[in-house]
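Taking the numbering used here, the leading residue of the sequence shown gets 593, the next gets one more, and so forth.
C-beta atoms are modelled at their ideal positions from N, C-alpha and C, and glycine is treated no differently.
Everything numeric in this text was worked out from a predicted model, so none of it was measured.
Remarks on the structure that follows.
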Amino acid sequence: MHKEEYFSGTVTTGRGAGERGGGEPTENQWEPRASTCRERGRGQSKLAPAPPPFLPFPLPHGSVSLLLRRVRRCARPASHVVVSLVKNYPNYLIVNLDKLDYCASLKNLETVSKKENYKFIQGDICEPHFIKELFETEKIDIVLHFAAQTHVDLSFWHALEFTYVNVYGTNVLVAAAYEANVEKFVYVSTDEVYGGSIDEEFDESSPKRPTNPYASSKAAAECFVQSYWERYQFPVVITRSSNVYGPHQYPEKVIPKFISLLQQNRKCCIHGSGLQRRNFLYATDVVEAFLTVLKEGKPGEIYNIGTNFEMSIAQLAKELIHLIKKTSSESEMEHWMDYVKDRPTNDLRYPMNSEKMHNLGWRPKVPWKEGIKKTIEWYKENFHNWKNAEKALEPFPVTEPFAQLNVP
């Protein structure tokens, strides 16, 4: 198996690493079926007895774990999910589909790129014939769909392209998954579909009131996904997560952008007043959330993946200035802060109630101070993993896209 949004993509799981796992089943494993499953090694394909899986939940049939991602990620949480699955579940073949758009970096997956239970495929979720053939060829069991355009700034200038990728692409994917009788389809959405709030805390039944093109496209895609449950009882699950941070994230997002600017002795560019508040989850916590949803999530349900840790963007800048520039002086901190033009709309807060996830056994574990220090250290050495990373540091408005976002 492999969002704000750290991850984006699609994951499916199945038995497919042949006999590599071997050994006797443990009490945490389930008895393999008498039927056969397809063994898919690196370039080989043959029929072999179904091996005992190592995932903590049974999969009825199939051979492959699939991560489908159109843009943005060999970065963000999707890459973290891929690495976790490849390393921890050797009896499952993890297939990573990525368009390799402007914010992708295969360096984020170097640690697993040569593993026998990992397979990379370059492709686009907006190509229905390709996607249909992929499902037929790889015998997908479970889909974890991260694929999306997610840069909010860019969405104001390229709303049509965002609609094409996020809505049309999702429709292509869920339709192919339905036709392939996939066992579970997890759609990775965002807290931004709720719109902003000052006091109201959003739970999964709260109405969707998106205020920007990106959030609107994700809300529309949710409707397509949910309709497959309503019409066909196709087992879909939707997640809505807070902002994710950590290594591997393309520096268009606020935390890696501020870190990278400060490490280059440049000022943090803050939208508007900087009073907007955001909740931040460390990447490994979100990985655990997705694995929990894959194991315990109920078909037809929506799950908020959030945290009570919240801070304003201005305070975030000050925290990073303190850690990187080694100063606590208010005047010196202000020197490193540049207030720039705000977005046309910029929601104040996205407070979410994540009790449903807590009831599944998940809670965030990584403290802010620990997570942000690891993130700062990673960007010292890895900022240039993306050849166009410098473009990502430009403040809003972004009139020229870093990517070629075109629709047919």
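In terms of Cβ geometry, Ser852 and Pro843 form a close pair [threshold 7 angstroms]. Here the alpha carbons of Thr729 and Glu902 stand approximately 44 angstroms from one another. The way I'd put it, the stretch 749 to 764 doesn't touch the stretch 903 to 911; fewer than three beta-carbon pairs between them come closer than 8 angstroms. Following the DSSP letters along the chain, one finds Ile790 in no beta strand (DSSP E), marked with neither H nor E. Setting aside the 5 residues that flank it on each side, Leu952 is surrounded in the same chain by Thr884, Glu888, each with a C-beta closer than 6 angstroms to its C-beta; the list follows chain order.
Ala768 is not a Cβ neighbour of Glu784, given a cutoff of 7 angstroms. Shortest Cα-Cα distance from Glu725 to any of Gly866, His737, Ala772 involves Ala772. Within the same chain, Cβ atoms closer than 7 angstroms to the Cβ of Thr919 are found at Ile913, Met925, the five residues on either side in sequence being excluded. Judged by DSSP in its simplified three-state form, Asn945 adopts coil rather than helix or strand. Short of 8 angstroms from the beta carbon of Leu940, and not among the five residues preceding or following it, lie these beta carbons of its own chain, in chain order: Gly788, Ser789, Ile790, Leu867, Gln868, Arg869. Cβ-Cβ separation between Lys810 and Thr782: approximately 5 angstroms, consistent with a contact (criterion under 8 angstroms). Comparing C-alpha distances from Thr742 to each of Asn758, Asn896, Phe727 shows the shortest one belongs to Asn758. In the DSSP annotation of this structure, Gln841 is not part of any beta strand (DSSP E), being labelled neither H nor E. Ser923: member of the alpha helix (DSSP H) spanning 922 to 927, first to last residue. In this structure, Leu692 is the residue among Leu736, Lys957, Leu698, Leu692 with its C-alpha nearest to the C-alpha of Asp716. Residue Leu689 holds the alpha-carbon nearest to the alpha-carbon of Leu736 among Leu701, Phe754, Ser705, Leu689. DSSP lists Asp930 as the bridge partner or partners of Cys861.
Each residue's CA atom was taken as its position, placing Val817 and Tyr760 some 11 angstroms apart.
In this structure, Val846 sits away from Glu893, with a CB-CB distance that is not shorter than 7 angstroms. The DSSP-derived three-state label of Arg935 is coil. The criterion of a C-beta distance shorter than 7 angstroms is satisfied by Leu873 and Val836. Taking C-beta atoms under 8 angstroms as the contact rule, Met929 and Lys859 qualify, at a distance of about 6 angstroms. Shown here, Lys972 sits in a helix according to DSSP, grouped into three states. Contact between Ala881 and Met949 holds: CB atoms are separated by about 6 angstroms, below the 8 angstroms threshold.
For His721, the enclosing alpha helix (DSSP H) begins and ends at 720 to 730. Of the candidates Gly864, Trp978, Asn900, the residue whose Cα lies closest to the Cα of Pro987 is Gly864.
Rounded to whole angstroms, Ile968 and His927 show a C-alpha spacing of 20 angstroms.
DSSP links Arg823 through a beta bridge to no other residue. Between the alpha carbons of Pro799 and Ser921 lies a distance of about 43 angstroms. Under the DSSP assignment, Thr762 falls in the alpha helix (DSSP H) whose first and last residues are 761 to 771. Closest by C-alpha distance to Ile897, out of Glu911, Lys890, Val879, Lys910, is Val879. Restricting attention to His721, Pro802, Ile686, the CA atom closest to the CA of Asn938 is found in Pro802. Taken atom to atom, the span from the alpha-carbon of Asn709 to that of Leu886 is near 19 angstroms. With a beta-carbon spacing of about 5 angstroms, Pro956 and Thr899 fall inside the 8 angstroms limit used to define contacts. Classified as buried, Tyr942 has 16 or more neighbouring CB atoms from the shown chains inside 10 Å of its CB.
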